[in-house]
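Q: Sharing a structure below in structure tokens format, with a few things to ask.
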Amino acid sequence: MGNIKTLFANFTEIIKTKKKWIIPIAGMTVGGVILAVYLLGRPGKDEAALLSREREYIVTRGNITVGVEGSGKLEAKRTPQTFASDLIFEKYNVNAGDMVKKGDAIAEISKEGVLKVIEELQSEADNAYAALQEAINAKTLQTLQTEKEQKERSSASQNAYESSYRQYSDQASSLEEKLTELNAPDITPEEARLNADNAAAALEAAERDLAAANSDLEAAVAAKNQYTGDDPQQLNALQAEVDKARTEVSRLQGIRDEAAAASGEAARIREAVESAKGIREQLNEVIKSMEALNSAREKEIQTEQESANLQGQVNSVQLKSLQAAIDKAQSLYDTVKKKLDQTKALLEEPVLYAEMDGVILAAPYLKGEKIVPDKAVAEIGDLTKMLLRAEIEPADINEVEAGQDVRVVAEIFPNQEVKGKVISKTLTPNEGMYSASIELEPNELGLLEGMAASATIISKEKENVLILSNKAITLKDGKQYVNLRIEDKNAKKNESGAYTLKEIEITTGFSDGRMTEVLSGLSENDVVIVKE
């Protein structure tokens with residue numbers, strides 16, 4: 001019965017690692033074992049010998065792989081080929097399943113249908129071109145209008161500034177001319193007033209002196225005229241007094257005239273200096289006004305620049321919108337024009353040619369049917385670029401990621417693996433199963449669309465390591481042991497030769513559930529014995 005337990009344990013382990021296809025076999029095998037026990041009853045001597053037989057497990061060098069299993073159908077990479085929409089299908093030159101070469105004629109369309117589509121596309125192209133020109137004109141108009149408004153705003157403020165500046169400049173020039181005409185000395189009004197007062201006082205003194213001299217002259221003349229004697233000396237003396245008085249009057253007259261002139265000039269200078277003071281004050285006010293005008297203009301220019309910058313941002317947004325409209329209109333026109341040119345070319349040769357080598361996977365149209373965008377005229381499968389849509393168990397789908405290496409085995413080539421990579425996975429279940437798309441590497445097997453294949457999506461793999469069956473390893477007190485066969489000529493012979501068994505501890509590494517990596521304790525080709 002111990003042997004039955006061992007067999008049952010072994011099958012349980014196998015079921016865990018290959019649960020998809022081993023379960024039915026395991027069930028049948030266990031059932032057979034139970035039936036055998038029932039029929040045989042208690043084991044006899046021969047059966048006891050059979051049940052205690054030894055089994056050999058050889059340490060080999062190989063790969064250990066853990067991965068997710070999946071299966072499905074192979075698909076060729078599809079390339080749809082079609083005519084422009086709304087054309088009328090005429091006929092196929094190939095059938096679904098046919099192999100084609102690049103450049104082979106696949107299908108044809110009706111020329112009458114081409115002419116009708118050309119007429120419609122020409123009208124559409126004309127409308128698209130008109131819309132494009134309208135969009136371009138709208139942007140141009142916006143640009144010119146913005147430039148015009150900006151120039152008008154700048155010109156208006158500049159003209160107002162220049163007009164005010166000219167007025168102030170004219171006032172300053174007029175005042176400077178008046179200053180020049182006044183020819184006022186560079187003295188203060190107080191000094192000019194003092195000089196004028198002094199000159200007036202000197203004039204008054206000269207006039208008093210002159211008046212006194214005139215009185216003396218009148219007295220001398222009167223004295224002479226009153227003299228009635230004939231003494232020549234006396235007459236001469238009187239005449240001398242008259243002459244002296246007359247000379248003094250003449251001298252003082254000159255002094256009085258000079259004082260009068262000096263007083264008049266001093267008065268003029270005082271008036272000029274006082275006038276110049278007023279003119280300078282006016283000129284200073286004009287200069288201050290000009291400086292204030294310039295300062296205000298600088299601020300105005302800064303404000304205009306800030307406003308222009310803001311307006312520029314607004315214009316930029318508007319222009320971007322207008323440019324987007326242009327780009328959209330241009331794209332529409334280019335698309336329609338390209339479609340029109342392609343359709344016109346079909347008049348010369350209304351034939352669809354294969355763009356690549358492959359097999360025709362779909363040819364869905366009938367004669368007279370209109371071409372529609374969501375149904376290609378033909379689909380060509382590239383047999384050099386195959387995909388496997390593998391179904392994956394829900395418990396395993398989270399272990400699948402794009403980029404993982406895959407080993408694919410086609411059902412018709414069970415002993416030949418093809419390498420591949422996961423390119424995507426689908427997280428929407430279909431009848432309880434998920435799927436992964438696997439791209440196969442180029443191969444020489446001649447795989448075709450629809451062939452069944454299985455895949456192992458590799459989660460972890462170790463290559464070229466020492467490996468041993470899990471059945472040969474015993475666990476004791478947390479340590480792993482094996483019974484190593486050691487050749488011994490003195491040992492009792494059995495079917496496998498003369499040897500002894502030595503229980504040794506080993507160190508293990510990675511395991512896939514069936515085979516385990518041996519890190520130490522054993523060498524390649526060592527034989528481990530298990531008594532069953």
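Under the UniProt record's numbering, think of the first position of the sequence shown as 1, with each following residue one higher.
All C-beta atoms in this analysis are idealised placements derived from N, C-alpha and C, irrespective of residue type, glycine included.
Quick caveat, the model's predicted, so the values are computed rather than measured.
List the whole-angstrom C-beta distance separating alanine 452 from lysine 73, where the pair is believed to meet the contact cut-off of C-beta under 8 Å.
A: 6 Å
Q: Does DSSP put glycine 358 in a helix, in a strand, or in coil?
A: In the structure shown, the three-state DSSP call for glycine 358 is strand.
Q: Can you tell me whether isoleucine 269 is buried or exposed, with buried defined as 16 or more other CB within 10 angstroms of its CB?
A: buried
Q: Determine the DSSP secondary structure at alanine 48, reduced to helix, strand or coil.
A: Confidence at alanine 48 is low in this model, with a pLDDT of 45, below 50, so the placement of that residue should be treated as unreliable; the coordinate-derived value is given next. DSSP places alanine 48 in helix when its eight states are reduced to three.
Q: Buried or exposed: isoleucine 486, going by 16 or more other Cβ atoms within 10 Å of its Cβ?
A: exposed
Q: Tell me the DSSP secondary structure of valine 102 in three-state form.
A: Here residue 102 turns out to be lysine, not valine, going by the sequence shown. Here lysine 102 sits in coil by DSSP.
Q: Under three-state DSSP, which class holds glutamine 404?
A: coil
Q: Can you give me the Cβ contacts of serine 169 inside the same chain, cut-off strictly under 8 Å, excluding the 5 residues immediately before and after it?
A: Met290
Q: Can you name the residues that DSSP bridges to asparagine 483?
A: Glu503
Q: Once the 5 residues before and after proline 364 are set aside, which same chain residues still bring their CB inside 7 Å of it?
A: Lys375
Q: How should proline 350 be labelled, buried or exposed, when 16 other C-beta atoms within 10 angstroms of its C-beta is the threshold for buried?
A: buried
Q: Give the DSSP bridge partners of alanine 452, in chain order.
A: Its beta-bridge partners are Lys73.
Q: What are the boundary residues of the alpha helix (DSSP H) that includes isoleucine 187?
A: Premise fails: isoleucine 187 is in no alpha helix (DSSP H) and is neither H nor E.
Q: Using a threshold of 8 Å, state whether the C-beta atoms of glycine 62 and isoleucine 467 are closer than that.
A: yes
Q: Go ahead and pull the three-state DSSP assignment for proline 414.
A: Looking at proline 414 - three-state DSSP - the assignment turns out to be coil, as it is neither helix nor strand.
Q: Taking valine 326 and phenylalanine 89 to be in contact with their CB atoms under 8 Å, please state how far apart those CB atoms are, rounded to whole angstroms.
A: Looking at the sequence shown, residue 326 is not valine but isoleucine. That pair is no contact at about 37 Å.
Q: Under three-state DSSP, which class holds glutamate 393?
A: coil
Q: Output the distance between the C-alpha atoms of isoleucine 187 and glutamate 207, rounded to the nearest integer angstrom.
A: Cα to Cα, the separation comes out at about 28 Å.
Q: Can you give me the start and stop residues for the alpha helix (DSSP H) that isoleucine 279 sits inside?
A: 232-348
Q: Would you call the stretch 190-206 and the stretch 328-342 touching, i.e. three or more CB-CB distances under 8 Å?
A: Too few Cβ pairs lie closer than 8 Å, so no.
Q: Looking at the secondary structure, which residues open and close the beta strand (DSSP E) in which glutamate 54 lies?
A: Its beta strand (DSSP E) spans residues 54-58.
Q: Kindly indicate which residue of Tyr481, Val418, Asp488, Gly368 has the alpha-carbon position closest to the one of arginine 407.
A: Val418
Q: For the pair the stretch 173-180 and the stretch 275-293, tell me if three or more CB-CB distances fall below 8 Å.
A: yes
Q: By the three-class DSSP mapping on this structure, what secondary structure does threonine 508 have?
A: strand
Q: Can you tell me which of the three DSSP states aspartate 382 falls into?
A: strand
Q: Going by alpha carbons, who is nearest to asparagine 398 out of Val409, Met386, Ser435?
A: Ser435
Q: Where do the ends of the beta strand (DSSP E) carrying alanine 84 lie?
A: Taken as a continuous stretch (DSSP letters only), alanine 84 belongs to no beta strand (DSSP E), as it is neither H nor E.
Q: Any idea if aspartate 512 is buried or exposed, counting beta-carbon neighbours within 10 angstroms, 16 or more meaning buried?
A: Aspartate 512 is buried by the Cβ-count criterion.
Q: Using DSSP with H/G/I as helix, E/B as strand and the rest coil, what is lysine 178?
A: helix
Q: Looking only at its own chain, which residues have a Cβ that is under 6 Å from the Cβ of leucine 346, when we skip the five neighbours before and after it?
A: Within the same chain, leucine 346 has close Cβ partners Val114.
Q: When you compare the CB positions of isoleucine 64 and valine 482, do they come within less than 8 Å of one another, or not?
A: no
Q: Leucine 210 and alanine 245: beta carbons closer than 8 Å?
A: no
Q: Taking all protein chains shown into account, decide if alanine 125 is buried (16 or more other Cβ within 10 angstroms of its Cβ) or exposed.
A: The C-beta of alanine 125 has 16 or more other C-beta atoms within 10 Å across all chains shown, which makes the residue buried.
Q: If we call anything under 8 Å between Cβ atoms a contact, is alanine 266 one with alanine 222?
A: no
Q: Using a threshold of 8 Å, state whether the C-beta atoms of tyrosine 57 and lysine 471 are closer than that.
A: yes
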